[in-house]
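Comments concern the structure below.
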Amino acid sequence: YSGMYTLEIVKGTEFLNAFFRSGLNCTVLALTLNTCAYTTEIFAGAIRSVPHGEIEAARAYGFSTFKMYRCIILPSALRIALPAYSNEVILMLHSTALAFTATVPDLLKIARDINAATYQPFTA
Numbered sequence: 633y634s635g636m637y638t639l640e641i642v643k644g645t646e647f648l649n650a651f652f653r654s655g656l657n658c659t660v661l662a663l664t665l666n667t668c669a670y671t672t673e674i675f676a677g678a679i680r681s682v683p684h685g686e687i688e689a690a691r692a693y694g695f696s697t698f699k700m701y702r703c704i705i706l707p708s709a710l711r712i713a714l715p716a717y718s719n720e721v722i723l724m725l726h727s728t729a730l731a732f733t734a735t736v737p738d739l740l741k742i743a744r745d746i747n748a749a750t751y752q753p754f755t756a
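Using my numbering, you'd call the opening residue of the sequence shown number 633 and step up by one each time.
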């Protein structure tokens, strides 16, 4: 995450500059993007796997698209997606342990910067 901070667009924008300075913000952003991608695929796959017979039956009864999704497709898709989504939640909770390692590059970078400036690695 220290690589994002070196980009000129990040340095020039006050919000991005403040956001990417914090290791916690970068960790939350990374976990959110990763979990969001997997969750989207889980629910999209569950919606696609709803049997076509149920959709045809809803159309035969004259359901509108909104009512078809609300009463037929989404309840079936949620039942299908629940096991995979619970696995994703568990994996996301396990990956939060990586948040503690986000500060290690900070400490090592500071030590490297002090060593480069003073050439006294053990006084820092």
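The beta carbon of each residue, even a glycine, is placed where N, CA and C say it ideally should be.
Between which two residues does the alpha helix (DSSP H) harbouring residue i extend?
| i | result |
| --- | --- |
| Ile658 | Reading off the sequence, residue 658 comes out as Cys, not Ile. Its alpha helix (DSSP H) spans residues Gly655 to Arg680. |
| Phe695 | No alpha helix (DSSP H) holds Phe695; DSSP gives it neither H nor E. |
| Pro683 | From DSSP, Pro683 is part of no alpha helix (DSSP H); its letter is neither H nor E. |
| Ala713 | Leu706 to Ser727 |
DSSP three-state label for residue i, please.
| i | result |
| --- | --- |
| Pro753 | coil |
| Thr645 | coil |
| Thr638 | coil |
Hey, residue i and residue j are a contact pair by Cβ (cut 8 Å); roughly how many whole angstroms apart?
| i | j | result |
| --- | --- | --- |
| Glu720 | Tyr751 | At roughly 49 Å, the Cβ-Cβ gap does not stay under 8 Å, so Glu720 and Tyr751 are not in contact. |
| Glu686 | Ile704 | 5 Å |
| Tyr717 | Ile679 | With a Cβ gap of about 13 Å, Tyr717 and Ile679 do not count as contacting. |
| Val682 | Ala650 | 44 Å between Cβ atoms; not a contact. |
| Thr667 | Met724 | 5 Å |
At least one CB of chain D closer than 9 Å to the CB of residue i: is that the case?
| i | result |
| --- | --- |
| Leu639 | The chain labelled as chain D is not found in the depicted structure, where only one protein chain is given. |
(message) Between the segment 696-710 and the segment 651-663, can you find at least three pairs of beta-carbon atoms closer than 8 Å?
(response) No, the segment 651-663 is not in contact with the segment 696-710.
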